[in-house]
Amino acid sequence: MPQKDAWADKDFADRWDGKNHFRDNPDREEQLDLIVSLLADGCGDDSLILDLGSGSGRVEELIFERIPGARVAGVDSSPSMLDIARKRLATFGNRFIPVVGGMGDLAALELPTGPYAFAISVQALHEVSHEEKKKIMADVYALLEPGGVFFVLDRVAFEGEALSGAYRSVWDRLNRKAGIKEGTKEGMSYEEYLKTYREKDDHVASLEDQLSWLRGAGFRASCLYLHYNRALFAARRPAGG
Ligand SMILES: C[S@@+](CC[C@H](N)C(=O)[O-])C[C@H]1O[C@@H](n2cnc3c(N)ncnc32)[C@H](O)[C@@H]1O
8 MPQKDAWADK
18 DFADRWDGKN
28 HFRDNPDREE
38 QLDLIVSLLA
48 DGCGDDSLIL
58 DLGSGSGRVE
68 ELIFERIPGA
78 RVAGVDSSPS
88 MLDIARKRLA
98 TFGNRFIPVV
108 GGMGDLAALE
118 LPTGPYAFAI
128 SVQALHEVSH
138 EEKKKIMADV
148 YALLEPGGVF
158 FVLDRVAFEG
168 EALSGAYRSV
178 WDRLNRKAGI
188 KEGTKEGMSY
198 EEYLKTYREK
208 DDHVASLEDQ
218 LSWLRGAGFR
228 ASCLYLHYNR
238 ALFAARRPAG
248 G
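Every position in the sequence shown, counted from 1, becomes a number in this note's numbering once 7 is added.
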């Protein structure tokens with residue numbers, strides 16, 4: 008029976024934060040480096056970034072180390088995850104602004120006043136229904152300043168059952184490239200990945216739908232990175248929009 012991740016549970020949150028994040032996503036370092044590079048190239052010293060599903064602050068740590076002065080309003084519905092983030096980011100003072108609440112109703116939250124030049128969401132939009140995703144995209148569009156950009160990094164629909172030979176090949180290569188050996192504590196076989204994926208009760212959308220919803224919200228959007236079932240979308244609110 009597929010299960011939802013228990014984000015509100017303190018033990019679950021501690022386990023998630025402490026787990027080996029490369030085991031089910033061997034390219035995570037590359038993905039995070041990409042999103043932080045995109046932010047670093049566009050942010051001014053006092054930029055305010057909105058992060059939806061900011062979790063335990065691992066992405067913020069990279070942002071703060073790389074972009075001096077940038078601040079992040081991190082929205083997360085799990086107080087346990089935000090507690091870990093507060094501790095992790097304590098040395099960065101008030102640059103992290105935690106906001107407890109659901110990303111499905113951003114208007115109901117006490118967000119810091121913008122303007123937001125950037126919004127991001129990393130491995131989190133699959134947590135909400137497709138209808139909520141569309142609403143979130145429209146809400147982010149409204150919160151961003153004209154010309155502002157929303158970067159979404161998340162899973163896309165997995166076709167590993169239908170295209171198992173091709174997916175297995177990419178999975179094995181990803182692990183080889185990351186220096187991870189199958190069968191070791193760090194590694195996960197393709198069969199284990201399939202099982203893990205089947206057991207998760209998530210709302211993963213196809214690449215085409217995610218692009219089309221971003222465009223439907225008014226963004227100019229494209230997919231900048233796609234590897235295995237992970238994608239990074241860039242969506243820009245037009246300057247005159
Ligand atoms: C897989 S974690 C990703 C955390 C972080 N972005 C990262 O990549 O390290 C997903 C996060 O989304 C949060 N989340 C799940 N549903 C949410 C919702 N409806 N509103 C806000 N946050 C949510 C969870 O509490 C969790 O912290």
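Even glycine gets a Cβ: it sits at the ideal position worked out from N, Cα and C.
What does the alpha-carbon distance come out to for the pair residue i and residue j?
i: Val-79; j: Ile-143; result: 18 angstroms
i: Gly-186; j: Phe-158; result: 28 angstroms
i: Arg-102; j: Ala-77; result: 7 angstroms
i: Asp-53; j: Pro-153; result: 17 angstroms
i: Leu-218; j: Ile-127; result: 15 angstroms
i: Glu-193; j: Arg-183; result: 12 angstroms
i: Ala-164; j: Glu-37; result: 20 angstroms
i: Leu-39; j: Asp-90; result: 21 angstroms
i: Asp-209; j: Glu-139; result: 13 angstroms
i: Asp-24; j: Arg-162; result: 19 angstroms
i: Ala-145; j: Leu-221; result: 8 angstroms
i: Asp-216; j: Asp-58; result: 21 angstroms
i: Ser-44; j: Ala-169; result: 34 angstroms
i: Arg-227; j: Gly-190; result: 43 angstroms
i: Leu-55; j: Gly-64; result: 16 angstroms
i: Gly-111; j: Asp-179; result: 36 angstroms
i: Ile-70; j: Leu-46; result: 8 angstroms
i: Gly-100; j: Pro-119; result: 16 angstroms
i: Arg-244; j: Lys-188; result: 42 angstroms
i: Glu-166; j: Gln-10; result: 20 angstroms
i: Pro-105; j: Val-147; result: 17 angstroms
i: Tyr-197; j: Ser-136; result: 27 angstroms
i: Arg-205; j: Val-211; result: 12 angstroms
i: Pro-122; j: His-133; result: 26 angstroms
i: Tyr-117; j: Arg-175; result: Before going on, a small fix: residue 117 reads as Glu here, not Tyr. Approximately 44 angstroms between the Cα atoms of the pair.
i: Asp-83; j: Glu-72; result: 21 angstroms
i: Tyr-200; j: Pro-75; result: 37 angstroms
i: His-28; j: Met-195; result: 12 angstroms
i: Leu-41; j: Arg-237; result: 13 angstroms
i: Gly-109; j: Leu-214; result: 23 angstroms
i: Val-177; j: Ser-229; result: 23 angstroms
i: Val-107; j: Ser-171; result: 40 angstroms
Check for me: the alpha helix (DSSP H) holding residue i runs from which residue to which?
i: Phe-19; result: 17 to 25
i: Arg-222; result: 214 to 223
i: Leu-201; result: 197 to 206
Strictly by DSSP, which residues pair up with residue i?
i: Lys-142; result: Bridge partners of Lys-142: none, in fact.
i: Ser-229; result: Ala-241
i: Val-107; result: Asp-83
i: His-28; result: None, per the DSSP bridge assignment.
i: Leu-151; result: Tyr-123
i: His-234; result: Arg-237
i: Gln-10; result: Lys-207
Less than 8 angstroms between the CB atoms is what I'm expecting for residue i and residue j, so what's the real figure, rounded?
i: Gly-62; j: Ala-92; result: 7 angstroms
i: Ala-20; j: Ser-87; result: 4 angstroms
i: Ala-241; j: Leu-231; result: 5 angstroms
i: Asp-31; j: Leu-181; result: Between Leu-181 and Asp-31 the Cβ distance is about 11 angstroms, and since that is not below 8 angstroms, they are no contact.
i: Leu-124; j: Gly-155; result: It should be noted that the sequence gives Ala, not Leu, for residue 124. Rounded, the Cβ-Cβ distance is 5 angstroms, consistent with contact.
i: Gly-81; j: Glu-67; result: 6 angstroms
i: Leu-160; j: Leu-239; result: 5 angstroms
i: Gly-248; j: Gly-223; result: With 8 angstroms as the limit, Gly-248 and Gly-223 do not qualify as a contact, their Cβ atoms being about 13 angstroms apart.
i: Leu-113; j: Leu-150; result: 7 angstroms
i: Ser-85; j: Ala-173; result: With 8 angstroms as the limit, Ser-85 and Ala-173 do not qualify as a contact, their Cβ atoms being about 35 angstroms apart.
For the beta strand (DSSP E) holding residue i, just list the boundary residues, first then last.
i: Arg-237; result: 237 to 243
i: Ser-128; result: 123 to 129
Worksheet item: Which ranges does the beta strand (DSSP E) cover as unbroken runs of at least 3 residues, wholly within the region 154 to 193, from first to last along the chain?
Response: For the region 154 to 193, there is no continuous beta strand (DSSP E) assignment of 3+ residues that stays within its boundaries.
Fill in: Runs of alpha helix (DSSP H) lying entirely within the region 43 to 103, each at least 4 residues, in chain order
Counting only runs of 4+ residues, the alpha helix (DSSP H) found wholly inside the region 43 to 103 occupies 65 to 73 and 86 to 95, in chain order.
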